[in-house]
Each structure stands twice: as structure tokens, then as C-alpha cells.
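Working notes for the structure below.
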Amino acid sequence: MKQTNLLKVSVFLIFLGRAWQHLFWDAPYRTFFWDESLLKPIVENWFGMNWTDYVTSPRTDTIIQTLIQCNGFLYLLAAICTLLVTKFNKKLFKIPVFVGGISLVILSVLLAKEKFYHIAQFFEHSIQFGLPFVYLYTFSENYEKPKLYRILKMLIAVTFFSHGLYAFGAYPVPGKFVDMVINIFGCSESFAVSFLYVAGILDFILAVLLFIPKVDKYALIYAVVWGLLTAFARLVANFYWEFPLQSLHQNLYQVIYRLPHGLTPLIVLVGVNLFWRRKSFGYRRKLVETR
């Protein structure tokens with residue numbers, strides 16, 4: 000029950016954070032709607048509109064912004080339904096959760112497109128777009144806890160490994176990563192880059208240790224701590240006491256939808272421990288009964 004509640008909370012936080020982002024800030028939908036190589040033939044041949052007029056039109060921007068807002072309300076509805084869905088009403092309430100999950104996949108594709116189709120940028124969000132479908136799986140007839148934990152481990156491994164590719168430098172190290180380390184530790188840029196390099200290596204090691212019995216729990220503990228720290232780093236690194244409310248409004252939503260990066264390994268850690276305790280207890284009881 001504990002791990003199921005943690006899973007519910009995690010999915011709720013993902014939808015809530017993305018709803019906050021879409022309703023009050025921005026999302027990378029313009030990277031698609033302003034893609035000249037992709038949409039120019041459609042805009043000019045189908046709609047008879049000059050491409051320059053299309054991208055500079057206030058009406059186009061209004062339509063895009065309306066789409067972003069609509070997705071924000073979709074995420075908000077999905078967040079509410081995540082809390083309300085049960086095995087008795089799942090036919091109705093699972094629909095917004097499922098559609099919200101599809102929207103998260105599309106959002107991850109757009110984020111990757113914005114980064115010149117970096118494959119790691121897409122898979123870095125595996126936990127975020129994967130958890131809604133995992134949560135719905137817990138309501139299915141063929142639900143099995145061991146299978147649930149295997150799926151969650153794969154999502155954790157892919158997310159951390161992909162994140163590590165950026166920290167390690169396999170892709171250009173994001174400036175915001177470096178800035179966060181500098182702002183938090185008050186260190187030099189060279190130290191920040193070295194710190195991220197080591198963090199990237201640890202992410203790679205984590206992705207392997209997760210699937211090795213007896214040491215996987217230590218990897219999960221590290222993932223819980225590091226996942227939560229990297230989530231809160233968005234707020235700590237960009238918080239200004241002169242503008243506390245504005246700082247919270249600008250950065251807290253990023254913390255909210257990243258908290259599941261730490262909560263998901265916690266789900267596995269708690270769940271696997273409970274599973275093996277019950278199995279061990281059942282085995283001991285069976286031995287007693289046969290004596």
C-alpha cells in the first residue's frame with residue numbers, strides 16, 4: 000500500500016508541475032509550429048499564407064499560447080483524476096491520466112527537438128512520461144508487483160543514465176547545470192564542470208548496479224538522495240531573498256515535476272524490502288508448519 004500511495008503522489012506531482020508550467024509559463028510547442036523546414040510547405044500550399052506572415056502573426060502566437068493553456072488544463076485534470084481513480088471508477092478517471100501521459104510523451108519529443116533531437120533529452124524524462132502508464136498498470140488484471148519494480152528500475156536507469164550523458168559531457172554540458180552548481184556551492188566554473196563529470200560517472204554506475212542483487216538497494220538509496228537533491232537544486236540555485244514569491248513562482252514547478260526522480264527509487268526500495276520480508280516470513284512459517 001505504501002508504494003502504491005507513493006506512486007500516486009509521484010504521478011500527481013508530475014501532472015501538477017507540468018500544469019503549473021503550461022498555465023503560467025511556457026512550453027516548447029513553438030519549436031514545432033515554427034519549424035520552417037517541416038511546416039512551410041503546409042502553411043504556404045494548404046493555407047495560402049506567406050511563411051513570414053505566419054510566424055510573425057499575433058494570431059498564430061495566440062493559437063499556440065491557447066494550445067499550451069489547454070494542455071495545462073489537461074495536466075491539471077489528469078492530476079485530479081490521479082488522486083480520485085480507484086478500481087471501481089477506473090474506466091472513467093483513467094482516461095485523463097492516459098491522455099495526460101500521451102501528452103507528456105509528446106512534450107518530451109518537443110524538448111528533444113528543441114535540443115537538436117538529442118536522444119538523451121527525450122529519455123531523460125522517462126520517469127516523468129512513464130509513471131502515468133505504470134500507475135494505470137496497477138489497476139490492470141495482470142498486475143504483478145515484481146514486474147512493477149522491474150519496470151520502475153528500467154525507468155530509473157534510463158533517466159539517470161541519460162541525465163549522466165549531459166553531466167559527463169557526452170553532449171555539451173548545459174549552462175544551467177554549471178550555473179546551478181556555481182550558485183549553490185559558490186565555486187569556480189572549472190570545479191562545477193568537474194563536479195558534474197563525476198556526477199555523470201556515478202549516474203552510469205547507478206544504472207548498472209540497479210540490476211545487481213544485494214547491491215541494488217544501495218544504488219536505490221543513492222538514487223533517492225540524488226534525485227531529490229537535483230530536484231530541489233532548481234529552487235535553491237535560483238532563489239533570491241529579495242524576490243521570494245517571484246522566485247518560488249518561477250522555479251517551484253520545476254522542483255515539483257522532478258520530485259518523482261527521487262520518489263520513484265524510493266517506491267522500489269520500500270516495495271522490494273516489503274516483498275522480500277513477506278516472502279521470508281512466509282518461508283519461515285512454512286518451515287515451522289512442516290516441523
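Going letter by letter, the sequence shown gives residues 0 to 290 in numbering that gives the first Met the number 0.
Using N, Cα and C, we set each Cβ at its ideal position, and we do this for glycine too.
Could you check whether H124 and N70 sit closer than 8 Å to each other, using their CB atoms as the reference points?
Not a contact, by the Cβ cut-off of 8 Å.
Taking the C-alpha atoms as reference points, what is the distance between T137 and P259?
Each residue's Cα considered, the two are about 17 Å apart.
Let's see if you can read the secondary structure: which residues bound the alpha helix (DSSP H) around C69?
Its alpha helix (DSSP H) spans residues 57 to 83.
Would you say F128 and S161 are within 8 Å of each other, going by their C-beta atoms?
For F128 and S161, no; Cβs fall outside 8 Å.
If the criterion is Cβ atoms closer than 8 Å, does the pair I13 and Y256 meet it?
Their beta carbons are under 8 Å apart, which means I13 touches Y256 by this criterion.
Closest by CA to A111, which one among G47, Y170, W45, C80?
Here the closest residue by C-alpha is Y170.
Can you give the Cα-Cα distance for K89 and G226, rounded to whole angstroms?
For K89 and G226, the distance between alpha carbons rounds to 30 Å.
Within 10 angstroms of the Cβ of P145, are there 16 or more other Cβ atoms? Answer buried if so, exposed if not.
Counting Cβ neighbours within 10 Å, P145 comes out exposed, since fewer than 16 surround it.
Among V42, L75, Y74, which one has its Cα closest to the Cα of T59?
Residue V42 is the option with its Cα nearest to T59.
What are the start and end residues of each continuous alpha helix (DSSP H) run of 4 or more residues lying completely inside the stretch 167 to 234, in chain order?
Listed in chain order, they are 174 to 184, 188 to 208.
Let's see if you can read the secondary structure: which residues bound the alpha helix (DSSP H) around H248?
Looking at the DSSP string, the run of the alpha helix (DSSP H) that includes H248 is 243 to 257.
Check each candidate in S9, A230, Y53, A26 and name the one with the smallest Cα separation from P40.
When each option's Cα is compared against that of P40, the closest is Y53.
Just to confirm, are I266 and L6 a CB contact at a threshold of 8 Å?
Yes.
Our contact map puts R29 next to Y74 with C-beta atoms below 8 Å; I'd like the distance itself, whole angstroms only.
At roughly 18 Å, the Cβ-Cβ gap does not stay under 8 Å, so R29 and Y74 are not in contact.
Apart from the five residues on each side of it in sequence, which residues of its chain come closer than 6 Å, Cβ to Cβ, to N237?
Only N250 meet the Cβ criterion.
L109 and F32 look like a contact to me (Cβ under 8 Å); what is the Cβ gap, rounded to whole Å?
About 10 Å separates the two Cβ atoms, so there is no contact after all.
Taking 6 Å as the limit between beta carbons, can you name the residues of its chain near Y252, skipping five residues before and five after?
G16, W19, Q20.
Could you tell me the alpha carbon to alpha carbon distance between Y282 and L268, rounded to whole angstroms?
Low confidence applies here, because Y282 scores a pLDDT of 44, under 50, leaving its location unreliable and the question unanswered by this model.
If we ignore side chains and look at the alpha-carbon of each, how far apart do F194 and L66 end up?
One C-alpha to the other measures close to 39 Å.
Figure out for me which residue from F72, N44, Y148 has the closest Cα to the Cα of G306.
Lying before the first or after the last residue shown, residue 306 is absent from the chain, which here runs from 0 to 290.
From T3 to Y134, what does the alpha carbon distance come to, in whole angstroms?
C-alpha separation (whole angstroms): 8 Å.
Is it the case that the Cβ atoms of L103 and P131 are separated by a distance below 8 Å?
Yes, these two residues count as a Cβ contact at 8 Å.
Please go through the same chain and pick out, in chain order, the residues whose beta-carbon is closer than 7 Å to the beta-carbon of A191, but skip the five residues on each side of it.
Within the same chain, A191 has close Cβ partners V177, V180, I181.
What does the Cβ neighbour count give for I220, buried or exposed, with the cut at 16 atoms within 10 Å?
Answer is exposed; the Cβ neighbour count stays below 16.
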